[in-house]
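Report on one structure; see the data block that follows.
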Amino acid sequence: MYNQFHAVRLDYEKCKGCTNCIKRCPMEAIRVHDGKAQITQERCIDCGECIRVCQNHAKIALTDTMERLSTYKYRIALPAPAFFGQFKNNENIEDILNSFFHLGFDDVFEVALAAEVVASIVHKYLTAYKGEKPVFSSACPAVLRLMQIKFPELLGQVVPILTPMEVAARMAKEEAQKRTGLSQKDIGAFFISPCPAKVTETKNPISTKQSAVDGVIGANLIYKDIVKYLAKNHHETSPRLNKATSSGIGWGYITGESKSIGYGTSLAVSGIHNVISLLEEVERGELKDVDFMELQACTGGCVGGPLNIQNLFVGRVRLRHLIEKQTNQTSFYTDKELSDIYEKGTFKSTELIQPRTIMMLDDDVSRALEKMERIDQITNNLPGLDCGACGSPSCRALAEDIVRELALETDCVIKLREKVKMLAEEILDLARIIPPSMSDTSPKKEK
1471 MYNQFHAVRL
1481 DYEKCKGCTN
1491 CIKRCPMEAI
1501 RVHDGKAQIT
1511 QERCIDCGEC
1521 IRVCQNHAKI
1531 ALTDTMERLS
1541 TYKYRIALPA
1551 PAFFGQFKNN
1561 ENIEDILNSF
1571 FHLGFDDVFE
1581 VALAAEVVAS
1591 IVHKYLTAYK
1601 GEKPVFSSAC
1611 PAVLRLMQIK
1621 FPELLGQVVP
1631 ILTPMEVAAR
1641 MAKEEAQKRT
1651 GLSQKDIGAF
1661 FISPCPAKVT
1671 ETKNPISTKQ
1681 SAVDGVIGAN
1691 LIYKDIVKYL
1701 AKNHHETSPR
1711 LNKATSSGIG
1721 WGYITGESKS
1731 IGYGTSLAVS
1741 GIHNVISLLE
1751 EVERGELKDV
1761 DFMELQACTG
1771 GCVGGPLNIQ
1781 NLFVGRVRLR
1791 HLIEKQTNQT
1801 SFYTDKELSD
1811 IYEKGTFKST
1821 ELIQPRTIMM
1831 LDDDVSRALE
1841 KMERIDQITN
1851 NLPGLDCGAC
1861 GSPSCRALAE
1871 DIVRELALET
1881 DCVIKLREKV
1891 KMLAEEILDL
1901 ARIIPPSMSD
1911 TSPKKEK
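So this is what it looks like as structure tokens:
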């Protein structure tokens, strides 16, 4: 039985059964029955598209809260690069980082700094790589889960390097351990996330057995507290906290990762539906001349994440403004240190990314083939409008639900109308028939 954790959840009370979500879900993981949406967990990749399009705010992301910090003696904040784009242009990164100390954290480590380390490792990996192209980024967990289900044959081309979030947590904990003398279990690393997929990644890691991230706090949950702090305490003097350069901060939006890696021919695509379209091309044997592909589930990259506050275009402009300020900042790590990190192989994936089989029609192959034929027959018999009025995202999906005995053919309003019309005609025909007892054609009595 499928029992993995998912960060995307349904608020049953708020759901109005409007069907907006079923049309946008890239995995056809949502159905609407009895006036309420239902998320099929086996299909969900936690991309957050349903959160983005739900006007009733019935789709939510389950993240940690600030109360979880109390379970650790030493707490480290790991802000994502995209997080800095949520603030006004006159806020600088140093002030934003400093604010975490006043919200209950003991330390802060920029995920952007870890991104620079990952970029260096990936560059060296691509230089030595001799396999099938293109090579895919491992940074977006929603894209990896998509590939597990829809494009399993391409998983071998994913770069086997841990994500900047994971690398940041490990580096931050190692530094904290040396500085404080505390054990790993007493140190908590908390990622400040723009999306629900990162939450799921820490609970069910794809490329490693256990995540070093101890909690994920939504950017939307901590944003207001930081804004309040910045409004009262501006430009405090503190040790240098901002160590990341423009190269690492650029990972916050699409093309930033590719530019940071700086190897060969690269292609950057954002938006989960665009990603699917591109992967279909690769599956057909196209784009073999591309060395590296940066794929992001959210439109615009992480700056377009559903847990962010600002509009993705505003966030991107603000992030670029901050990057311009960082132009003259020198790299925190030397080339020698980065080479040593690569040689040690500390941040390589420890687990192969495995394909994910979802909702098999039947364990028996022959019966599964029979059911597939039935799905084709039912699909051909349906109107093909893909209107979603039945509660399924497409006519093909409805046919599949019918075969699985999760829906009826009359759930289709067109088929229901046809049946009602047929019944009405039958009733009308019956109404025209006069029973023999009332007919004047019955035998007459002789006088």
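In this note's numbering, the protein residues as written are 1471 to 1917. Where a beta carbon is used, it is the ideal one built from N, C-alpha and C, also for glycine. The structure presented is a predicted model; accordingly, all values stated were derived computationally and were not measured.
When only Cα atoms are considered, V1669 and C1517 end up about 11 Å apart. For F1661, the enclosing beta strand (DSSP E) covers residues 1657 to 1663. DSSP places K1679 in the coil class of the three-state scheme, outside both helix and strand. Residue environment for G1771: buried (at least 16 other C-beta atoms within 10 angstroms of its C-beta). Following the DSSP letters along the chain, one finds F1579 in no alpha helix (DSSP H), marked with neither H nor E. Per DSSP, the continuous beta strand (DSSP E) segment holding S1736 begins and ends at 1736 to 1740. With a beta-carbon spacing of about 37 Å, A1869 and I1903 fall beyond the 8 Å limit used to define contacts. Between L1782 and the set T1769, R1649, E1794, I1591, the nearest pair of CA atoms involves T1769. Comparing alpha carbon positions, the residue from V1628, V1745, G1688, F1570 closest to L1700 is F1570. Note on the region 1837 to 1905: whole alpha helix (DSSP H) runs with a minimum of 4 residues are 1865 to 1873, 1883 to 1902, in chain order.
Residue state for E1750 is assigned as helix, using DSSP reduced to three classes. Among the bridge pairs identified by DSSP, L1831 is matched with none. The Cβ-Cβ distance between P1604 and V1760 falls below 7 Å.
Sixteen is the threshold: since fewer than 16 other Cβ atoms of the shown chains lie within 10 Å of the Cβ of M1830, the residue is exposed. Take S1819, set aside five residues on each side of it, and the residues of its chain with a beta-carbon closer than 8 Å to its own are S1608, P1630, I1631, L1632, S1677, T1678, in chain order. CA-to-CA, the gap between V1686 and F1660 works out to about 5 Å.
For the beta strand (DSSP E) assignment, the uninterrupted runs of no fewer than 3 residues enclosed by the region 1759 to 1828 are, from N- to C-terminal side, 1762 to 1766. Counting along the chain, the unbroken beta strand (DSSP E) around R1501 starts and ends at 1500 to 1503.
The bridge partners DSSP lists for P1549 are I1662. At the C-beta level, Y1723 and I1779 stay beyond 7 Å of one another. Secondary-structure assignment with DSSP links D1534 through a beta bridge to I1687.
Note on the region 1591 to 1666: whole beta strand (DSSP E) runs with a minimum of 3 residues are 1657 to 1663, in chain order. In this structure the region 1572 to 1592 lies against the region 1716 to 1732, because at least three pairs of beta carbons, one per stretch, are closer than 8 Å. Taken through DSSP and simplified to helix, strand or coil, R1479 comes out as strand. Burial state of R1887 is exposed, judged by a 10 Å Cβ sphere holding fewer than 16 other Cβ atoms. Taking the Cα positions, R1788 is about 17 Å away from N1712. Its chain contains D1856 as the residues whose beta carbon lies nearer than 6 Å to that of S1864, once the 5 sequence neighbours on both sides are disregarded; these appear in chain order. Judged by DSSP secondary structure, K1729 falls within the alpha helix (DSSP H) whose first and last residues are 1726 to 1731.
Looking at the backbone, the Cα of T1597 and that of Y1733 are separated by about 8 Å. Under the 10 Å beta carbon count, I1897 is surrounded by fewer than 16 other beta carbons and is classified as exposed.
Excluding the 5 residues flanking it on each side, R1513 has same chain C-beta neighbours closer than 6 Å at M1497, A1499, I1828, in chain order. When secondary structure is reduced to three states using DSSP, A1528 falls in the coil class, being assigned neither helix nor strand.
Going by DSSP, I1719 is part of the alpha helix (DSSP H) stretching over 1716 to 1719.
For K1506, the enclosing beta strand (DSSP E) has its first and last residue at 1506 to 1509.
Contact fails between the region 1555 to 1563 and the region 1611 to 1627, because fewer than three Cβ pairs, one in each stretch, are under 8 Å apart. In the three-state DSSP reduction, Y1544 falls in the strand class (E or B).
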